[in-house]
Amino acid sequence: LQGKRVTLMGVGTFGGGIGALRFLLDQGAHVTVTDLRPAEELGLSPSEWESCGRVTWRLGGHDQRDFHGADLVVVNPAVPTDSPYLQIARRHGVPLTTELALFWQNNRARVIAVTGTNGKSTTAAMIHAILRAAGWTAWLGGNIGRSLLTELPDIEHHHWVVLEVSSFQLEHLDRLRARPDVAVVTNFSPNHLDRHGTVDAYRCAKQALLRWQTETDVSVLNQDDPDVAGWPTAGRRVWFGLFDTGREGVFVDQDSGLAVARWAGQEHTLALGQWLALPGRHNLQNAAAAVGAARAAGVPIEAVRLGLQSFGGLPHRLQFVAEVDGRRFYNDSLATTPESAIAALQAFPPSQPIVLLAGGSDKGVDLGGFAEAIVRHAKAVALMGQTGEPLARLMDACRASPPVRRAVCSHFEQAFQWAVQRSQPGDVVLLSPGCASYDWFRSFAERGERFAELVRRLERRAARR
22 LQGKRVTLMG VGTFGGGIGA LRFLLDQGAH VTVTDLRPAE ELGLSPSEWE SCGRVTWRLG
82 GHDQRDFHGA DLVVVNPAVP TDSPYLQIAR RHGVPLTTEL ALFWQNNRAR VIAVTGTNGK
142 STTAAMIHAI LRAAGWTAWL GGNIGRSLLT ELPDIEHHHW VVLEVSSFQL EHLDRLRARP
202 DVAVVTNFSP NHLDRHGTVD AYRCAKQALL RWQTETDVSV LNQDDPDVAG WPTAGRRVWF
262 GLFDTGREGV FVDQDSGLAV ARWAGQEHTL ALGQWLALPG RHNLQNAAAA VGAARAAGVP
322 IEAVRLGLQS FGGLPHRLQF VAEVDGRRFY NDSLATTPES AIAALQAFPP SQPIVLLAGG
382 SDKGVDLGGF AEAIVRHAKA VALMGQTGEP LARLMDACRA SPPVRRAVCS HFEQAFQWAV
442 QRSQPGDVVL LSPGCASYDW FRSFAERGER FAELVRRLER RAARR
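Our numbering puts the first residue of the sequence shown at 22, with every later residue one more than the last.
Laid out in structure tokens, this is it:
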């Protein structure tokens, strides 16, 4: 890349774009950074980069010249593949790649890659915690929000890299025939139809994680998900789930929290429910998947226990924020699909009163099941964003008795205040939108941070009384 003209398209807000920029500059490239959003929306200070002399900033819009005149275009995976600017690059024979694809091409270490519609961030982080507990050098990156490109000089061949991989990222990795040593698929349900168009296209993108594996690799699959259980792979199958079928894998009883782990002729009983601090059946499944991947990598059982016991969860994933005036506030802003929000509702005991904040930008998925779950599990719900009105209509169609109190709110602060006012001591106030954040926020993280900020403000007011 020395002396090459590289266009970096789409900086993003999770660190991948800046990680790619640093890597490209380290390689001696001349980089044009272009994004439709202005610098202030991206939280960038272009002046900080002036000293290097090889960066051109084109923010607030794109220029065709940056695409037909480049030697390489590095694309943010969120950019639609049919973007007219990418079409210009293709017509002029300019190769396209992504931050994660660049990492994959230059990485020397073994890889555990995790995908799925829900639970992939938590599962990847659990695997990383277990590997670290074994005393191994392990790196965590990918869609979880951290670029590992600039860490490449320190990543050795005997290390392990744990990557969370989205369907958008897999579209580009598929062209490289990327083959993880251990692939994990947490589950599958319709999502991102606004990008992929059909469920079949979305499934095809996800299946790329397994597509190029060989018999020397391992595929850790959810046996409780009939879709995933039937996915083709040449890798050695390791199963996980809530029902023990006697196969090789990790199976956990959701009532007792006990799991059986079978691998390479050995069988162990694991107290996953005791070791795990996170609530909910879905987190038992995530833990079972993580244990399956870790055992496939060769981690001893004692490190599994230590790793899970040390794992406190991730920000914005059913994260306890505070208790204020007897109300417990939970931030589950990463619940960007109906299924993940339903899992959050089901993580609490049936007798627990829940006031929910739900809704957001519309990804074209069916919200009927989410509306039914709200009616079953919530006492009141503040509905937000593009999907607020559709969710209200779907809830009305459920004809709940008594009806769940609801309000369609015009901004986030209104939704928060409404939820607090409808709650009582002993209630849970839960942000679990079941939808993406891009109508009101730049990211799920910004949405979750805003929720936590409002809770802390409430906490300060309570302390002054």
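A virtual CB, placed ideally from N, CA and C, is assigned to each residue, including glycine.
Asked                                                                                                                               : Found
Beta-carbon gap between residue 345 and residue 434 smaller than 8 angstroms                                                        : no
Backbone CA spacing between residue 416 and residue 410 [nearest angstrom]                                                          : 10 angstroms
Which listed residue (260, 328 and 441) has its alpha carbon closest to that of residue 155                                         : 328
At least three beta-carbon pairs within less than 8 angstroms, the segment 147-166 to the segment 307-323                           : yes
Option in 90, 157, 140 and 159 with minimal Cα separation from residue 187                                                          : 140
Cβ distance (whole Å) where residue 252 is taken to contact residue 200 below 8 angstroms                                           : Not a contact, Cβ separation roughly 15 angstroms.
Top-ranked residue by Cα proximity to residue 468, from 429, 336, 384 and 368                                                       : 336
Local Cβ density within 10 Å of residue 488, reported as buried at 16 or more and exposed below that                                : Outside the modelled stretch of the chain, which goes from 22 to 486, sits residue 488, for which no answer is possible.
8 angstroms Cβ cutoff met for residue 143 and residue 307                                                                           : yes
Nearest residue (CA-CA) to residue 89, options 238, 26 and 276                                                                      : 26
Straight-line Cα distance separating residue 262 from residue 268                                                                   : 11 angstroms
Exposure label - residue 51; buried when at least 16 CB within 10 Å                                                                 : buried
Residues sharing a beta bridge with residue 489, DSSP                                                                               : What the structure shows of the chain is the stretch from 22 to 486, and residue 489 is not part of that stretch, so it cannot be assessed.
In chain order, each alpha helix (DSSP H) run of at least 4 residues that lies wholly inside the segment 349-406                    : 359-367 and 389-398
Proximity to residue 295 [Cα-Cα], best of 47, 274 and 384                                                                           : 274
Residues of its chain near residue 22, where Cβ-Cβ distance is below 7 angstroms and the 5 sequence neighbours each way are ignored : 45, 48, 49 and 50
Pairwise C-alpha distance: residue 55 and residue 174                                                                               : 27 angstroms
According to DSSP, residues forming a beta bridge with residue 240                                                                  : 204 and 258
Residue 131 in three-state terms, based on DSSP                                                                                     : strand
Cα-Cα separation between residue 393 and residue 419, rounded to whole angstroms                                                    : 7 angstroms
DSSP three-state assignment for residue 56, whether helix, strand or coil                                                           : strand
Whether residue 206 touches residue 230 by CB criterion (8 angstroms)                                                               : yes
DSSP bridge partner residues for residue 284 (one or two, in chain order)                                                           : 287
Per-residue DSSP class, three states only, for residue 339                                                                          : coil
As assigned by DSSP and simplified to three states, the class of residue 333                                                        : coil
Inter-residue CB distance, residue 455 and residue 364 (contact presumed, cutoff 8 angstroms)                                       : Contact doesn't hold; Cβ gap of about 10 angstroms is too wide.
Every unbroken alpha helix (DSSP H) inside the segment 422-473 [4 residues or more]                                                 : 433-443
Three-state secondary structure assigned by DSSP to residue 159                                                                     : strand
C-alpha gap between residue 299 and residue 76, whole angstroms                                                                     : 44 angstroms
Nonlocal neighbours in the same chain, by C-beta distance under 7 angstroms from residue 333, ignoring five residues either side    : 298
Contact the segment 371-378 vs the segment 457-468: 3+ CB pairs below 8 angstroms                                                   : no
Same chain, Cβ closer than 8 angstroms to residue 266, five either side skipped, listed in chain order                              : 244, 260 and 272
Buried/exposed call for residue 83, threshold 16 Cβ in 10 Å                                                                         : buried
Beta-bridge pairing of residue 270 - partner residues as DSSP gives them                                                            : 260 and 283
Option in 161, 193 and 123 with minimal Cα separation from residue 181                                                              : 161
As assigned by DSSP and simplified to three states, the class of residue 65                                                         : coil
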